[in-house]
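Trainee:
Protein chains: 4
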Amino acid sequence: MAGLSRRLADFAAARHWQPFHTPKNLAAALSVEAGELLEIFQWLTPEQAAAVMADPGRAHRVRDEVADVLAYLLQFCAVVDVDPLTALAAKIDRNELRFPVADAAADRAAGGWAEESTGPSDDRAGG
Amino acid sequence: MAGLSRRLADFAAARHWQPFHTPKNLAAALSVEAGELLEIFQWLTPEQAAAVMADPGRAHRVRDEVADVLAYLLQFCAVVDVDPLTALAAKIDRNELRFPVADAAADRAAGGWAEESTGPSDDRAGG
Amino acid sequence: MAGLSRRLADFAAARHWQPFHTPKNLAAALSVEAGELLEIFQWLTPEQAAAVMADPGRAHRVRDEVADVLAYLLQFCAVVDVDPLTALAAKIDRNELRFPVADAAADRAAGGWAEESTGPSDDRAGG
Amino acid sequence: MAGLSRRLADFAAARHWQPFHTPKNLAAALSVEAGELLEIFQWLTPEQAAAVMADPGRAHRVRDEVADVLAYLLQFCAVVDVDPLTALAAKIDRNELRFPVADAAADRAAGGWAEESTGPSDDRAGG
Numbered sequence: 002m003a004g005l006s007r008r009l010a011d012f013a014a015a016r017h018w019q020p021f022h023t024p025k026n027l028a029a030a031l032s033v034e035a036g037e038l039l040e041i042f043q044w045l046t047p048e049q050a051a052a053v054m055a056d057p058g059r060a061h062r063v064r065d066e067v068a069d070v071l072a073y074l075l076q077f078c079a080v081v082d083v084d085p086l087t088a089l090a091a092k093i094d095r096n097e098l099r100f101p102v103a104d105a106a107a108d109r110a111a112g113g114w115a116e117e118s119t120g121p122s123d124d125r126a127g128g
Numbered sequence: 002m003a004g005l006s007r008r009l010a011d012f013a014a015a016r017h018w019q020p021f022h023t024p025k026n027l028a029a030a031l032s033v034e035a036g037e038l039l040e041i042f043q044w045l046t047p048e049q050a051a052a053v054m055a056d057p058g059r060a061h062r063v064r065d066e067v068a069d070v071l072a073y074l075l076q077f078c079a080v081v082d083v084d085p086l087t088a089l090a091a092k093i094d095r096n097e098l099r100f101p102v103a104d105a106a107a108d109r110a111a112g113g114w115a116e117e118s119t120g121p122s123d124d125r126a127g128g
Numbered sequence: 002m003a004g005l006s007r008r009l010a011d012f013a014a015a016r017h018w019q020p021f022h023t024p025k026n027l028a029a030a031l032s033v034e035a036g037e038l039l040e041i042f043q044w045l046t047p048e049q050a051a052a053v054m055a056d057p058g059r060a061h062r063v064r065d066e067v068a069d070v071l072a073y074l075l076q077f078c079a080v081v082d083v084d085p086l087t088a089l090a091a092k093i094d095r096n097e098l099r100f101p102v103a104d105a106a107a108d109r110a111a112g113g114w115a116e117e118s119t120g121p122s123d124d125r126a127g128g
Numbered sequence: 002m003a004g005l006s007r008r009l010a011d012f013a014a015a016r017h018w019q020p021f022h023t024p025k026n027l028a029a030a031l032s033v034e035a036g037e038l039l040e041i042f043q044w045l046t047p048e049q050a051a052a053v054m055a056d057p058g059r060a061h062r063v064r065d066e067v068a069d070v071l072a073y074l075l076q077f078c079a080v081v082d083v084d085p086l087t088a089l090a091a092k093i094d095r096n097e098l099r100f101p102v103a104d105a106a107a108d109r110a111a112g113g114w115a116e117e118s119t120g121p122s123d124d125r126a127g128g
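Protein chains in written order, with our numbering: chain U, 2 to 128; chain V, 2 to 128; chain F, 2 to 128; chain W, 2 to 128.
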């Protein structure tokens, strides 16, 4: 991953793109690309979505959008000087304490750990 | 990164979250988290945004949202069986051909490589 | 709708928020709020999502996020001087020509008219 | 606006798109389109963004994406039976109480009213 970050930095520098690569612009670009990944799935039934990689055209788009999301995430992390692997390891550590396996709340959280801070638990999925 | 992917898979499995972790749901969650990262910056001036990590509260939020974005990206990649590092390396290879350094179009692209497929070049930033 | 736009403009002016209400910031805020609306649904099954308004807590969040999306859309339109109703009427006119009812392509488009410009038709949903 | 909602409903019905128009899919589509609106601005400087409508190509894209966002917002509201104008009027009423003009907190909120529920106030813009 460090090698890819370096290639991305060299790529941008060679094209004089650094002035555009502010944290705000890169966060916007990351969000836009995540939307393009979601676009592939937006009208698909769960069955079609599960088989998305069996369609060569869609499989190519998925790999392409994954690459774009990762590219902007790495470039964002470079300009704010955050190591994404360290950040994720620290978050998993915290969440292992917050969502104990034996706790029914872990099941109630129903799929994700990230959204619990934005609303009361009874607003969320799972029930 | 492989180790983090495994920890995420174990975390979800221990809490019976796999049925929720469809490609479509994970793509939606990735997009939602990218939006939360952008939210930190939405009202900031370029100067404030450049200094975002000097504010401990904001710096913590940035690391936390980076972790969430990476967590959902890795989990998405696991369910569709895509290696994100390979996908990104392949995209950099392609883009080195598409945006030659000597070509003025590279400068015109002005910041990003991903959006060129969604509109004519004169619709884009930079000029 | 004109009355609501005026109330939003007065609200922002009374709180000295206009300097923050640039087109770029408002477009970011609109995207962030649309993500928060999606967040309500991200882990829901199609059945749960269809019954979302039967849960008072979720129904309140839905109305709240709809209000936020519309608020930022109207404020964005005010600063770029676009009438959203005229823009939508013009787009429906264009799309009635582009997706004739008798044309099988209309069914192939499978759900949405907006995404066709971002990829070849065989990359899209429906099939 | 009621007339446009009816045209959108007729348009979708004539093309047999209703099965795709679930609340979850329409919320995803709304988020994707809001991302496409943001994409126009992602690399623009504040000065370029302020002049976006002076460029005919960009102005057309802005109107087009505004139309798409409004189309999906109205279709989402139709399937969940929410009146967006009523929802917004109710939210303005609530926010006039929550952000009194005389209160310094209104200025601290710095641009937006929607994000205050997702983090402590000192995490936010403005200061």
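Glycine included, C-beta positions come from ideal geometry on N, C-alpha and C.
Can you tell me whether residue 82 of chain V is buried or exposed? The criterion is at least 16 other CB atoms within 10 Å of its CB, across all chains shown.
Mentor: Residue mapping note: residue 82 of chain V aligns to position 81 of the second sequence, counting from 1. Under this definition residue 82 of chain V is an exposed residue.
Trainee: Using 8 Å as the threshold, is the C-beta distance between residue 24 of chain W and residue 80 of chain W below it?
Mentor: Mapped onto the fourth sequence, residue 24 of chain W falls at position 23. Mapped onto the fourth sequence, residue 80 of chain W falls at position 79. Yes, the pair counts as a contact, with Cβ atoms nearer than the cut-off.
Trainee: For residue 98 of chain F, would you say it is in contact with chain W, using Cβ-to-Cβ distances shorter than 8 Å as the test?
Mentor: Taking the third sequence and counting its residues from 1, one reaches residue 98 of chain F at position 97. No - not a single Cβ of chain W is within 8 Å of the one on residue 98 of chain F.
Trainee: Which residue's Cα is closest to the Cα of residue 103 of chain V: U:17, U:5, U:2, U:10?
Mentor: Here residue 103 of chain V corresponds to residue number 102 of the second sequence, with the count starting at 1. Looking at the Cα atoms, U:17 is the closest of the given residues.
Trainee: Could you compute how far the alpha carbon of residue 64 of chain V sits from the alpha carbon of residue 31 of chain U?
Mentor: Locating residue 64 of chain V in the second sequence gives position 63, where the first residue counts as 1. Locating residue 31 of chain U in the first sequence gives position 30, where the first residue counts as 1. Residue 64 of chain V and residue 31 of chain U: Cα-Cα distance of roughly 15 Å.
Trainee: Using alpha carbons as the reference points, say which of F:112, F:42, F:86 lies closest to residue 5 of chain W.
Mentor: In the fourth sequence, the residue the question calls residue 5 of chain W occupies position 4. It is F:86.
Trainee: Output, in sequence order along the chain, the residues in the stretch 46 to 76 of chain W whose CB is closer than 7 Å to any CB in chain F.
Mentor: Answer set for the stretch 46 to 76 of chain W: 47, 50, 51, 53, 54, 63, 64, 65, 67, 68, 69, 70, 71, 72, 74.
Trainee: Return helix, strand or coil for residue 46 of chain U, following the three-state DSSP convention.
Mentor: Numbered from its first residue, the first sequence carries residue 46 of chain U at position 45. DSSP places residue 46 of chain U in coil when its eight states are reduced to three.
Trainee: Are the Cβ atoms of residue 9 of chain V and residue 77 of chain V separated by less than 8 Å?
Mentor: The residue given as residue 9 of chain V occupies position 8 in the second sequence. The residue given as residue 77 of chain V occupies position 76 in the second sequence. No, the pair does not count as a contact, with Cβ atoms beyond the cut-off.
Trainee: DSSP state of residue 102 of chain W, grouped into three classes?
Mentor: For the purposes of this step, residue 102 of chain W is taken as the residue at position 101 of the fourth sequence. It is coil, neither helix nor strand.
Trainee: Could you compute how far the alpha carbon of residue 12 of chain W sits from the alpha carbon of residue 44 of chain U?
Mentor: For this step, residue 12 of chain W is matched to residue 11 along the fourth sequence. For this step, residue 44 of chain U is matched to residue 43 along the first sequence. Looking at the two C-alpha atoms, the distance is approximately 17 Å.
Trainee: Near residue 93 of chain F, which residues of its chain fall below 8 Å by C-beta distance, leaving aside the five closest residues on each side in sequence?
Mentor: Counting from 1 along the third sequence, the entry for residue 93 of chain F is found at position 92. If we look at residue 93 of chain F and ignore the five residues flanking it on each side, it has no Cβ neighbours.
Trainee: How is residue 87 of chain U classed by DSSP in three states: helix, strand or coil?
Mentor: Taking the first sequence and counting its residues from 1, the one referred to as residue 87 of chain U is at position 86. Three-state DSSP puts residue 87 of chain U in a helix.
Trainee: Answer with buried or exposed for residue 48 of chain V, where buried requires no fewer than 16 other C-beta atoms within 10 angstroms of its C-beta.
Mentor: Position 47 of the second sequence holds residue 48 of chain V. Looking at its Cβ environment, which holds fewer than 16 other Cβ atoms inside 10 Å, residue 48 of chain V is exposed.
Trainee: Just how far apart, CA to CA, sit residue 115 of chain V and residue 101 of chain W?
Mentor: Here residue 115 of chain V corresponds to residue number 114 of the second sequence, with the count starting at 1. Here residue 101 of chain W corresponds to residue number 100 of the fourth sequence, with the count starting at 1. Cα to Cα, the separation comes out at about 43 Å.
Trainee: Return the residues of the stretch 17 to 34 of chain F that lie within a Cβ-Cβ distance of less than 7 Å from chain V, sorted by chain order.
Mentor: Cβ contacts with chain V: 21, 26, 29, 30, 32, 33.
Trainee: Spatial neighbours of residue 73 of chain F within its chain, please: CB distance less than 7 Å, with the 5 preceding and 5 following residues excluded, ordered by chain position.
Mentor: Position 72 of the third sequence, counting from 1, holds the residue named residue 73 of chain F. Result list for residue 73 of chain F: 27, 30, 31, 34, in chain order.
Trainee: Where does residue 11 of chain U fall in DSSP's three states?
Mentor: On the first sequence, residue 11 of chain U is found 10 positions in, with the first residue counted as 1. Three-state DSSP puts residue 11 of chain U in a helix.
Trainee: Of the residues V:36, V:37, V:50, which one's Cα is nearest the Cα of residue 21 of chain U?
Mentor: To locate residue 21 of chain U, count along the first sequence from 1; it is residue 20. Considering only alpha carbons, the answer is V:50.
Trainee: Among V:84, V:54, V:41, which one has its Cα closest to the Cα of residue 3 of chain V?
Mentor: Within the second sequence, residue 3 of chain V is the residue found at index 2, counting from 1. It is V:84 whose Cα lies nearest to the Cα of residue 3 of chain V.
Trainee: Taking Cβ positions only, does residue 39 of chain F come closer than 8 Å to chain V?
Mentor: By one-based count along the third sequence, residue 39 of chain F stands at place 38. Cβ-Cβ to chain V under 8 Å: yes for residue 39 of chain F.
Trainee: Let me see if you follow: with CB-CB separation under 8 Å, is residue 15 of chain W close to chain F or not?
Mentor: In the fourth sequence, residue 15 of chain W corresponds to position 14, counting from 1. Cβ-Cβ to chain F under 8 Å: yes for residue 15 of chain W.
Trainee: Of all the CB atoms in chain V, is at least one closer than 8 Å to the CB of residue 36 of chain F?
Mentor: Taking the first residue of the third sequence as position 1, residue 36 of chain F is located at position 35. Closer than 8 Å: yes.
Trainee: Consult DSSP for residue 94 of chain U and reduce its assignment to one of helix, strand or coil.
Mentor: As a working mapping, residue 94 of chain U is identified with position 93 in the first sequence. Correct three-state label for residue 94 of chain U: helix.
Trainee: Using a Cβ cut-off of 9 Å, pull out every chain W residue sitting near residue 90 of chain F, in sequence order please.
Mentor: What you label residue 90 of chain F is simply residue 89 of the third sequence in a count that begins at 1. Correct list: 4, 5, 8, 68.
Trainee: Rounded to whole angstroms, what is the Cα-Cα separation between residue 55 of chain U and residue 89 of chain F?
Mentor: Here residue 55 of chain U refers to the residue found at position 54 when the first sequence is read from its first residue. Here residue 89 of chain F refers to the residue found at position 88 when the third sequence is read from its first residue. Going by the C-alpha atoms only, they are around 36 Å apart.
Trainee: Does the distance from the CB of residue 97 of chain W to the CB of residue 66 of chain W come in under 8 Å?
Mentor: One-based indexing of the fourth sequence puts residue 97 of chain W at position 96. One-based indexing of the fourth sequence puts residue 66 of chain W at position 65. No.
Trainee: Between residue 41 of chain W and the rest of its own chain, which residues show a CB-CB distance below 8 Å, the 5 nearest in sequence each way excluded?
Mentor: As a position in the fourth sequence, residue 41 of chain W is number 40, starting the count at 1. Around residue 41 of chain W: 53, 59, 62, 63, 66.
Trainee: Quick one: Cα of residue 14 of chain W to Cα of residue 68 of chain V, how far?
Mentor: In the fourth sequence, counting from the first residue as 1, residue 14 of chain W sits at position 13. In the second sequence, counting from the first residue as 1, residue 68 of chain V sits at position 67. Going by the C-alpha atoms only, they are around 42 Å apart.
Trainee: I'd like the span of the alpha helix (DSSP H) that includes residue 65 of chain F, first residue to last.
Mentor: As a first step, residue 65 of chain F is located in the third sequence; it is residue number 64 there, counting from the start. Where residue 65 of chain F is concerned, the enclosing alpha helix (DSSP H) stretches over 57 to 81.
Trainee: If we ignore side chains and look at the alpha-carbon of each, how far apart do residue 57 of chain U and residue 7 of chain U end up?
Mentor: Taking the first residue of the first sequence as 1, we reach residue 57 of chain U at position 56. Taking the first residue of the first sequence as 1, we reach residue 7 of chain U at position 6. One C-alpha to the other measures close to 30 Å.
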